[in-house]
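Be aware that the sequence shown starts at 1, since it is given in UniProt numbering, and climbs by one per residue. Backbone N, C-alpha and C fix where the C-beta goes; we use that ideal spot for every residue, glycine too. Quantities reported herein were computed from a predicted structural model and do not represent experimental measurements. One structure below.
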Amino acid sequence: MTTSAFYLDRLRTLLGDPLEDDHPFSFATAVKADLDGDSLDLQATALVESGFIRQIIPAHWKTGGELVDLEAVLEMARLLAGRNPSLMPRLMYSIGAITVLDLAGTEAQRKTLSDWLLAGHSVALAVNEPGIRSDLINNQTKAERQGDWYVINGRKWLVGQAEKARALMVMAKTGAGGPAAFSLFLIDRQPQWESTLPHPRAELSGMRGIDVADVDIDVACVNVANRVGGEGEGIELVFRAESVIKLLSIGAMLGPCESALRLTYGEIAKQANGGHPHQHFLLAGAYADYRIMDSVAKAAARFASFRPQHFPVAAAVAKQIAQEFSSRIFTSLMAALGARSVLAEEPVSAILQKLRRDGEVAQYMDINPQVNLGMLANQLPSLTKRRAKLEPGLADALFAQLQAELSPSSPCPAMVLAKVPMLNRAGEPLTDLLPGLADRFSKLTSEHDRAVVDALQEAETRFAALEEGMTELLALRQGERPEAVNAGAQFARLYAVSCCTLSALAEGGDDLLPFMLQRLLAGDRYAFSGEDRFYQAAWHSLAEAMGAGEDVYGDERRHAAV
């Protein structure tokens, strides 16, 4: 068993039974903390003492950390968020600063950061500013060089751990203009707290009580030794780190969806005759949507190790899929519960409402979803231009290689984040394989999988049309145009078609795959007539996954939870 797997078992034991009322990690405790605005200090201390922080510090730093790959980080985020999403930012916000130092930090900076984290402190990434809509080039915070020191002044917006963070990693302007005008600095707040005062906590619609606020930086002094990377490298480092940070918000959406599915399934399954067929349809669709999210997210995490050059696009797509499908999952689950879903004192509904609110906040934790789509759209013309026209032999080799890399039986190699680029300039292998994927799939499977072959052929047709449209966008070079952003969303779904198909093959087959592909390709779930052919199979898959033979969050325990 790997170190990460050993710790994940320990974490599951620590989190305990979510329906044990008095447990610090129960759903009841989470709902009460949400109502009270509790900062969850007790839970955070228990997690730190369990060794949680060691799991997010890179092992190769040799400073006491055990992080080797991002698959484990994604699973940790999912587990925490599945119990109480407010815990995830409290324990994992420092991964932004960790990633930046892994890319460009000195040994001394890494040692200092590790010591702070292992002592129970956190480090906040302070990049964005009020009113700039994630357009980092418009940052106004300035760092003026005075000998061996920089003097920094400005204001940062919605900084995670604004009150509690021992240090801030701040982006500030060091040049005249353009992308190379910004640098990153590590500010130790302990000797100059008055220079980095936080505003009152922001009141959020979800994840209530988490430490998020603006921070005023007033004559903060930073030695040149605490500049991270070279002058002018700030924006590039933030963009490269962003791909890792996106996995946290993805985990913070996956966890609530999984818990909500389990709770809602338990409610529906205990009804007379096991629930109405329409409820089965809604839950089966929600489960298929969850499996899509899960497949694309896991692939992105594995690409950080196997294909770092392709990781930026993988992370951007995974974020888009998680954002779109998590919203759809909660809409389906609330519809399945009917009017009960809006009753604040209905036990299961109260938990679902919190999980839904928290998941919606998670969509904005790292980057605005529309900005993420715009960034993805900006890369599409370049990807189209570099699209590999694979010879059959090379395509067959890539087909086999990707299946091996996506297989759960293949351990992830140690990731090397230094190989993660700012933008994907090496093509994109999953969509490179989409033309011809239907033929390859049909040769490996039985005639009973005709629905998958039909879906893959439809995806190939849509992908060809999308690429044709990319030629015009390449000439326009305007990635924020509405049609470009829409193209980014279409690309994400077609990428997911290829990803889910290859992942299913890597796992030896998946009966849910036809339903997953139909939901990816359907513009409207009620208008697509093919879905009813698959939902019964998906319902049985959900029942099996939820442990239908057991008391899945049984009636008395659900009502005791709130």
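Cross-strand partners of residue i (DSSP beta bridge)
i	result
alanine 489	According to DSSP, alanine 489 bridges with nothing at all.
serine 183	Ala172
asparagine 153	Lys142
valine 159	Ala213
Burial state of residue i (16 or more Cβ within 10 Å)
i	result
isoleucine 245	buried
isoleucine 132	exposed
glutamine 146	exposed
tryptophan 193	exposed
arginine 307	buried
serine 94	buried
threonine 461	exposed
threonine 13	exposed
glycine 16	exposed
serine 409	exposed
phenylalanine 515	buried
glycine 310	One detail in the question is off: residue 310 reads as histidine in this sequence, not glycine. Classification of histidine 310: buried, given that the 10 Å Cβ count is 16 or more.
methionine 76	buried
threonine 45	exposed
arginine 357	buried
aspartate 366	buried
asparagine 226	buried
Reduced DSSP secondary structure (H/G/I, E/B, other) of residue i
i	result
phenylalanine 25	coil
phenylalanine 528	Model confidence at phenylalanine 528 stands at a pLDDT of 45, short of 50, so the residue's coordinates are unreliable and nothing is read from them.
aspartate 214	strand
valine 420	coil
residue 564	The question about residue 564 has no answer, for the chain in this structure spans 1 to 562.
proline 58	strand
aspartate 432	helix
threonine 63	coil
valine 497	helix
phenylalanine 303	helix
leucine 125	strand
aspartate 38	coil
aspartate 9	helix
threonine 106	coil
threonine 384	helix
threonine 445	coil
leucine 352	helix
leucine 117	helix
aspartate 511	coil
proline 85	coil
threonine 196	strand
aspartate 439	helix
valine 228	strand
alanine 167	strand
aspartate 289	helix
aspartate 188	strand
lysine 389	coil
Backbone CA spacing between residue i and residue j [nearest angstrom]
i	j	result
aspartate 524	glutamine 518	Reliability of the predicted coordinates at aspartate 524 is poor, the pLDDT of 48 falling under 50, and no value is obtained from them.
methionine 88	leucine 80	6 Å
glycine 96	serine 442	43 Å
leucine 402	leucine 502	7 Å
isoleucine 53	histidine 276	45 Å
histidine 199	methionine 171	18 Å
tyrosine 526	serine 332	Low per-residue confidence applies at tyrosine 526: pLDDT is 46, beneath 50, and the placement is therefore not dependable, though the value from the model is reported in the following sentence. One C-alpha to the other measures close to 12 Å.
asparagine 368	glycine 436	34 Å
valine 348	valine 420	42 Å
arginine 425	serine 26	45 Å
glycine 229	isoleucine 235	11 Å
phenylalanine 330	alanine 286	8 Å
valine 215	alanine 304	32 Å
methionine 415	isoleucine 268	42 Å
leucine 494	aspartate 454	14 Å
residue 566	threonine 2	Because the chain spans 1 through 562 in this model, residue 566 falls outside it and cannot be assessed.
leucine 343	threonine 264	14 Å
methionine 334	isoleucine 187	45 Å
Test item: CB-CB of residue i and residue j under 8 Å
i	j	result
lysine 298	asparagine 372	no
alanine 288	alanine 538	yes
phenylalanine 491	leucine 380	yes
methionine 92	alanine 126	no
glycine 120	valine 48	yes
lysine 173	alanine 143	yes
glutamate 507	serine 446	no
proline 256	proline 85	yes
leucine 417	leucine 158	no
valine 313	valine 296	no
alanine 72	leucine 8	yes
lysine 385	valine 31	no
Check: residue i C-beta below 7 Å from any heavy atom of the ligand FMN
i	result
valine 68	In the structure on display, the ligand FMN does not appear, and there are no ligands present to speak of.
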